[in-house]
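Colleague: Here's a structure for you.
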Amino acid sequence: MSLLLELYELISAKEAVINGGAEIKGLIALFHQVFYQPDPRGGLKELVDPRIGDNLGLEIITQLIQFSRSSIPAGEIQLDASCSIDF
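The structure is reproduced here in structure tokens:
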């Protein structure tokens with residue numbers, strides 16, 4: 765799971781926990797939410813750092829994420845799109 769988190773951090777140029785003022789979001793939950801949309805490209809485009817997206821393209825990034833997710837045992841990725849982190 766940490767490999768997937770590192771990949772998300774590299775792709776988005778964001779830290780694992782995003783503090784948006786009153787709301788704190790986990791990067792894994794954000795990507796997880798995007799991949800459960802009927803067409804994840806729109807949401808993915810907002811999460812991907814433009815410097816990477818412009819060079820690689822969203823199709824390659826999507827394939828890279830899908831490959832990384834498939835290499836993690838099924839029981840380890842069970843985050844609900846509405847999950848939150850309590851401090």
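Oh and the sequence shown: position 38 is 802 in this note's numbering, straight run, nothing missing.
For every residue, glycine included, the Cβ atom is placed at its ideal position computed from N, Cα and C.
Let's see if you can read the secondary structure: which residues bound the alpha helix (DSSP H) around Gly821?
Modeller: Within the sequence shown, numbered from 1, the residue matching residue 821 stands at position 57. Looking at the DSSP string, Gly821 is not in any alpha helix (DSSP H), and its letter there is neither H nor E.
Colleague: Any idea what DSSP makes of Val798, helix, strand or coil?
Modeller: Residue mapping note: residue 798 aligns to position 34 of the sequence shown, counting from 1. Three-state result, Val798: helix.
Colleague: Between the alpha carbons of Pro802 and Glu810, how many angstroms are there, rounded?
Modeller: Stepping through the sequence shown from its first residue, residue 802 is reached at position 38. Stepping through the sequence shown from its first residue, residue 810 is reached at position 46. Between Pro802 and Glu810, the C-alpha separation is close to 16 Å.
Colleague: Tell me whether Lys809 sits in a helix, a strand or coil according to DSSP, three-state version.
Modeller: As a position in the sequence shown, residue 809 is number 45, starting the count at 1. Of the three classes helix, strand and coil, the one that applies to Lys809 here is helix, per DSSP.
Colleague: Contact defined as beta carbons within less than 8 Å: I believe Asp813 pairs with Ala777. What is the distance between those atoms, to the nearest angstrom?
Modeller: The sequence position of residue 813 within the sequence shown is 49, counting from 1. The sequence position of residue 777 within the sequence shown is 13, counting from 1. Asp813 to Ala777, Cβ: 4 Å. Contact.
Colleague: Just the C-alpha distance for Glu715 and Glu773, rounded to the nearest angstrom, thanks.
Modeller: Any question about residue 715 goes unanswered here, given that the chain covers just 765 to 851.
Colleague: CB-CB under 8 Å to Gly807, same chain, minus the five flanking residues each way: which ones, in chain order?
Modeller: Here residue 807 refers to the residue found at position 43 of the sequence shown. The residues are Gln797, Val798, Gln801.
Colleague: Closer than 7 Å by C-beta to Asp844: which residues in its own chain qualify, once you throw out the five before and the five after it? Chain order, please.
Modeller: Position 80 of the sequence shown, counted from the first residue, corresponds to residue 844. Unreliable placement is indicated for Asp844, whose pLDDT of 44 sits below 50; the coordinate value is still reported in the next sentence. Result list for Asp844: empty, nothing under 7 Å.
Colleague: Rounded to whole angstroms, how far is the Cβ of Leu771 from the Cβ of Ile816, which I believe are closer than 8 Å?
Modeller: Against the sequence shown, residue 771 aligns to sequence position 7. Against the sequence shown, residue 816 aligns to sequence position 52. Not really, about 11 Å apart at Cβ, beyond 8 Å.
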